[in-house]
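To convert, count from 1 in the sequence shown and add 15; that's the working numbering. Take a look at the structure set out below.
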Amino acid sequence: MSSEDEILDGVTNGVEDTTISKVIGSKSGEWQFNIEDPANYRVFKLDGKMYCFPVPKLPQKKYYRQRAHCNPMSDHNLNYPLNPSAVDWYQWYGEESNTNKVEFLDIGCGYGGLLFRLSEEFPTKLAMGMEIRVKVTDFVQDKIIALRQGLPGLYRNIWCLRNNTMKYLLNYFEKGQLSKIFILFPDPHFKRRKHKWRIINPTLLDEYAYVLKVGGLIYTITDVPDLYDWMKEHLDDHPLFERVDVDELHKQGDICVNLIHNSTEEGAKVSRNKEIMTIPEGDYEKGKKLFKSRCLQCHVIDSNASKTGPTLNGLIGRTSGTVPGYDFSTANKNKGVVWTRETLFEYLLNPKKYIPGTKMVFAGLKKESERADLIKFIEVESAKPPQ
């Protein structure tokens, strides 16, 4: 039997009452199916075979919209178990719960983007999404039910539960039960008086450490610099957590590092915004004038010696707060950003906003053209050997 015959056999056995006629070959590594309406079918690879199932009718988000923010301190009239042993996992996972326990937890799972990807990438693991908003939870639950009904045997390993994780996490999970916790694009709670509502804080980190097994991972991501610094600081300060090198996770084949970037609505928006943001090609001479008028008083670029501010020689590709012998602010040391055209473009718009707590007195450049000009000059001059 040829590989094509084998795959065709898998497709034929996996689909009933469809218009699939044959596998017509491979293009760019993806098998092509000859069907009447491709938009109504989805291809899966299961046990080495390709299956094509009709896509079930799924709920539409427009009927489940709700405000983005929710007060976690309010009384939401939630039902919750007294302790983990009182949880009826069978009602959500069926037979899967007889042999497995939930290992993955997505806190604030939103519309379930990560949850569905986890189901596909880890079919033998049970994953739970917890979401405090009513309509959003209803959407994810309805989508899971629709997928289970339309795609036999799939998506049985995930569920979404309405819950206030800040209050009732320990009512659901035993000590050391989880191997992964995901906190993706959480509510920033910008106002200082609401920082206590942030999903990363010392008390909650104690609870996360309790339900995570030794060696378990907590994944966080945000597009808000201030919140990133907050989460990084609290995780670094907690005695039961240590930072893991992302490159090392990539080498180990941890696909979750990529999933947290591209599986959620928020992640997709951030990616789109980065693609949309194009940096104009600056003018070297205009950038030179800007450097003399706005930067030269505090910085040099042709020497390793620093002035009031650190030398900019070798700036491109350097990590913030790492010039030898220069006394950087704690904010700069902790930022850990690598200076590129893109990061400089954002930084120069508003340095104090990009690195809260910086001693930088430079107010920034509002005009994109001026930032591009200055970056062009810095790119050229900072690459030259110091005099």
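Just so it is clear, CB atoms sit at the ideal spot from N, CA and C, and this is done for glycine as well.
- Going by C-alpha positions, Gly-109 is about 24 angstroms away from Lys-228.
- Secondary structure within the region 190-227: the beta strand (DSSP E) runs of 3 or more consecutive residues, fully enclosed, are 193-199 (chain order).
- Annotation: Gln-156 to Lys-211 spans about 29 angstroms, alpha carbon to alpha carbon.
- In the three-state scheme derived from DSSP, where H, G and I count as helix and E and B as strand, Met-88 is classed as coil.
- Of the candidates Tyr-299, Lys-158, Thr-345 and Trp-174, Thr-345 places its Cα closest to the Cα of Gly-372.
- In the three-state scheme derived from DSSP, where H, G and I count as helix and E and B as strand, Val-315 is classed as coil.
- Per DSSP, the unbroken beta strand (DSSP E) holding Glu-146 starts and ends at 141-146.
- Leu-129 and Lys-382 have their C-alpha atoms spaced approximately 37 angstroms apart.
- In this structure, DSSP gives Leu-93 a state outside helix and strand, which the three-state scheme calls coil.
- Taking the Cα of Glu-280 as reference, the smallest distance to any Cα among Gly-123, Leu-162, Leu-359 and Thr-355 is reached at Gly-123.
- As computed with DSSP, Trp-174 is found in a beta bridge with Met-143.
- Annotated as proximal: Asn-115 and Leu-141, with beta-carbon spacing under 8 angstroms.
- In the three-state scheme derived from DSSP, where H, G and I count as helix and E and B as strand, Ile-122 is classed as strand.
- Taking the CA atoms as reference points, Leu-162 sits about 17 angstroms from Val-151.
- A direct Cα-to-Cα measurement between His-249 and Pro-217 gives close to 7 angstroms.
- Less than 8 angstroms divides the Cβ of Ile-147 from the Cβ of Asn-178.
- Non-local C-beta neighbours of Val-338 in its own chain, meaning closer than 7 angstroms and more than five positions away in sequence, comprise Ser-321, Pro-325 and Thr-326, ordered along the chain.
- Residues of the same chain with their beta carbon placed closer than 6 angstroms to that of Leu-219 are lacking, with the five preceding and five following residues left out of the count.
- Per the coordinates, the alpha-carbon of Ala-378 lies some 11 angstroms from the alpha-carbon of Cys-310.
- Its chain contains Asn-172 as the residues whose beta carbon lies nearer than 7 angstroms to that of Pro-138, once the 5 sequence neighbours on both sides are disregarded; these appear in chain order.
- Of the other Cβ atoms in all chains shown, fewer than 16 fall within 10 Å of the Cβ of Phe-205; this residue is therefore exposed.
- Distance from the Cα of Cys-313 is smallest, within the candidate group Gly-165, Gln-192 and Lys-374, for Lys-374.
- Around the Cβ of Arg-386, a 10 Å sphere holds 16 or more other Cβ atoms; the residue is buried.
- In the same chain as Asn-365, and ignoring 5 residues on each side of it, the C-beta atoms closer than 7 angstroms to its own belong to Gly-379, in chain order.
- Apart from the 5 residues on each side of it in sequence, Asp-244 sits with its Cβ closer than 8 angstroms to the Cβ of Ala-346, Asn-349, Lys-350 and Pro-371 in its chain, given in chain order.
- Each of Val-352, Pro-240, Gly-302 and Asn-92 was checked against the Cα of Phe-200, and the nearest Cα belongs to Pro-240.
- Under DSSP, Val-353 takes part in a beta bridge, and its partners are Thr-334.
- Beyond the five residues adjoining it in sequence on each side, Pro-74 comes within less than 6 angstroms, by CB distance, of Phe-154, Asp-157 and Lys-158 in the same chain, given in chain order.
- Closest by C-alpha distance to Tyr-225, out of Leu-255, Ile-215 and Ile-236, is Leu-255.
- For Gly-302, the enclosing alpha helix (DSSP H) begins and ends at 299-309.
- If you draw a 10 Å sphere on the C-beta of Leu-274, you find 16 or more other C-beta atoms in it, and that means buried.
- Fully enclosed beta strand (DSSP E) runs of no fewer than 3 residues are not present anywhere in the region 232-294.
- Between Ser-134 and Tyr-105, the CB-CB gap reaches or exceeds 8 angstroms.
- Counting other Cβ atoms within 10 Å of its Cβ, Lys-77 stays below 16 and is therefore classed as exposed.
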